[in-house]
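Number 297 in the working numbering belongs to position 261 of the sequence shown; there are no gaps in the numbering.
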Amino acid sequence: MTRFAHDQFAKEYLEELLAPLGEVKAPRRVAGEVREIDVWFAPNTPTNSPPKALGLLGRLAATPALFEPFRNAATIIDIFNCLLKLLIVWGEFQREANRNKQQLLQESLPRLWILSPTASPSLLKGFGAKIDLDNWGEGIYFLPEYFRTAIVAIHKLPRTKDTLWLRLLGRGRVQEEAIDEIKALPPTNPIRLNALKLLTNLKANLQTTQQLDDEEQNLIMKLSPLYLQWREEALREGEQKGMHLMVESMLEVKFGAIDEELSQIVEPLSLLPAKESTQLIWQLSREELLAQFRI
């Protein structure tokens with residue numbers, strides 16, 4: 037049951053972070069014997085310049101890909117099963133190309149990213165997985181070229197901003213450090229609030245399960261303050277959006293449609309207390325408002 041809670045968190049977390057970039061299915065069924073890809077991702081537009089906000093995770097999502105996160109270290113059989121799913125998806129791509137009478141290029145095939153907390157040297161050696169320090173740095177081990185697959189050993193990733201969103205899928209100390217780093221991010225970070233929400237969901241799911249181990253009990257204690265933090269920030273965000281809409285509405289009532297000049301004063305006016313912004317809008321002329329609040 038606890039494994040289900042962690043698996044559900046990993047799928048929801050990747051889905052939430054990747055959704056703005058393209059199509060996400062978590063899970064996605066593949067043909068043949070009933071199998072499901074944990075997270076399938078297809079970017080809106082394949083790019084060589086992935087969004088910086090997601091760091092290393094954004095680079096992984098630069099092309100169509102299968103994401104297979106594991107709470108416990110992926111075993112040999114786990115990796116074989118992941119590769120089987122990849123081959124089935126490749127078969128779907130090949131059949132689609134045949135129907136359209138097109139040539140299927142290798143570089144257009146989806147990649148497979150296996151996200152594992154750790155990976156033993158013997159497992160990496162057995163699959164011929166090697167590190168590419170020059171292009172990817174520590175912690176990412178690529179199988180031979182034609183497999184288009186890499187094992188991401190999360191606990192081997194350097195502790196940097198670039199790896200933060202992947203390290204949150206680790207466990208133990210690595211995950212706890214990532215939680216602390218997310219808590220310390222500025223409220224303006226576009227991903228922070230969603231991450232806090234998903235972490236509070238994980239805490240709630242873990243609390244409904246029996247026989248938690250010491251690591252999971254420590255994780256619950258680590259996550260306990262996050263609910264209040266997330267709730268307060270969500271309320272503030274809701275209030276700010278409400279103020280933004282209220283200011284826009286009052287400006288429209290007084291001046292008609294909001295043109296480019298008026299749109300520049302919506303944000304600074306919405307940061308004021310509601311009573312003050314209301315009085316200013318009704319009392320001041322357009323020219324006075326622009327002179328005082330235009331950025």
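Each residue gets a CB set at the ideal place from its N, CA and C atoms; glycine is no exception.
* **Range of the contiguous beta strand (DSSP E) that encloses S152** => Start and end: R147 to S152.
* Helix, strand or coil at I227 [DSSP, three-state] -> Secondary structure of I227 (DSSP, three-state): coil.
* Skipping 5 residues on each side, what residues in its chain have a beta carbon closer than 6 Å to that of V70? -> Because the pLDDT at V70 is just 49, under 50, the model does not fix this residue reliably, and the point stays unresolved.
* **Range covered by the beta strand (DSSP E) that runs through R71** => Per DSSP, R71 belongs to the beta strand (DSSP E) from R71 to I73.
* Contact the region 138–155 vs the region 186–197: 3+ CB pairs below 8 Å -> Segments in contact, yes.
* Asked: Taking DSSP as the reference, what is the three-state secondary structure of P309?
  -> If DSSP states are grouped into helix, strand and coil, P309 belongs with coil.
* To do: Measuring alpha carbon to alpha carbon, tell me which of L287, E213, L202 and Q243 ends up nearest L90.
  => Out of L287, E213, L202 and Q243, L202 has the C-alpha closest to the C-alpha of L90.
* To do: Go through its chain and collect everything with a Cβ distance to S260's Cβ below 8 Å, but skip five positions before and after it.
  => K239.
* **Nearest-angstrom Cα separation, counted from Q247 out to I301** => Their Cα atoms are separated by approximately 55 Å.
* **For I187, the residue or residues it bridges with in DSSP** => As a beta-bridge residue in DSSP terms, I187 pairs with I150 and Y177.
* Please classify E323: is it buried, with 16 or more other beta-carbons within 10 angstroms of its beta-carbon, or exposed? => Around the CB of E323, fewer than 16 other CB atoms lie within 10 Å, so the residue is classed as exposed.
* **Same chain, Cβ closer than 6 Å to I176, five either side skipped, listed in chain order** => Counting only Cβ-Cβ distances below 6 Å, and skipping sequence neighbours, we find A186 and V188.
* Are three or more beta carbon pairs between the region 111–125 and the region 204–223 nearer than 8 Å? -> Between the region 111–125 and the region 204–223, the count of Cβ pairs shorter than 8 Å is below three; the stretches do not touch.
* Short check: CB of I73 to CB of K137, under 8 Å? -> Contact: no.
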